[in-house]
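Following: one structure in structure tokens, then a few remarks.
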Amino acid sequence: MIYKSVQADEKSDNMPVKTVEITSIDARRFTKPGEKINNVRIDNNSSVTLITPMNDEEANVEFRYTASYGGIGSIRMEGVIIYTGNVKDLATKWINEGNMPDEIAGEIHTAIMRVCVPEAIIISKDIKLPPPIPLPNINFKKNKTKKSSGMEVA
-18 MIYKSVQADE KSDNMPVKTV EITSIDARRF TKPGEKINNV RIDNNSSVTL ITPMNDEEAN
42 VEFRYTASYG GIGSIRMEGV IIYTGNVKDL ATKWINEGNM PDEIAGEIHT AIMRVCVPEA
102 IIISKDIKLP PPIPLPNINF KKNKTKKSSG MEVA
């Protein structure tokens, strides 16, 4: 699956993350079907595993996304991002320090999460794990108002 970055304004050609491609998916549930699952901690993690400059303006950024469900399961995806922008600084910092400039890291990890989390939600349903995001709790509480006699008591 290849996802192209799109932006609503006219500057969509200037987006630093050009494409995100998922190259492998591994999903496992370690519990038996029908086994009750209580209070599961779900950790989402993305990591960059390799950065390879393609030319002065583009770099291949290989990544791994993991949704870890403790001892009950995991979802893992690997893929490649085509990054356009300040490739020289990105490659230099990666080679020398093993990390990326903060602004570029933010753009890359945001792109990974935007693509992988929705996919992980679908996969989690298929293998009967909770979705890797917190679902909102909706409570309908009736407002019980006490009828007052009109007299105020202190």
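Just so it is clear: in the sequence shown, position 26 is 7 by our numbering, and no numbers are missing.
Backbone N, C-alpha and C fix where the C-beta goes; we use that ideal spot for every residue, glycine too.
When burial is assigned at 16 or more other CB atoms within 10 Å of the CB, is LEU71 buried or exposed? buried
Rounded to whole angstroms, how far is the Cβ of ASN3 from the Cβ of GLY60, which I believe are closer than 8 Å? Contrary to the premise, residue 3 reads as Ile rather than Asn in this sequence. With a Cβ gap of about 4 Å, ILE3 and GLY60 count as contacting.
Use the C-beta contact count for PRO117: other C-beta atoms within 10 angstroms, 16 or more gives buried, fewer gives exposed. Under this definition PRO117 is an exposed residue.
Cutoff 6 Å; reference GLY66; Cβ partners in own chain excluding five residues on either side: The residues are PRO(-3).
Which complete alpha helix (DSSP H) runs does the stretch 74 to 110 hold, if anything under 4 residues is left out? 83 to 107
With distances taken Cα to Cα, identify the nearest neighbour of ASN40 among VAL21, ILE53, ILE62, MET58. Here the sequence assigns Ala to residue 40, which means Asn is not the residue at that position. Of VAL21, ILE53, ILE62, MET58, the residue nearest in Cα terms is ILE62.
Verify whether the separation of the beta carbon atoms of PRO112 and SER105 is less than 8 Å. yes
Where LYS17 sits in the DSSP three-state scheme: DSSP places LYS17 in coil when its eight states are reduced to three.
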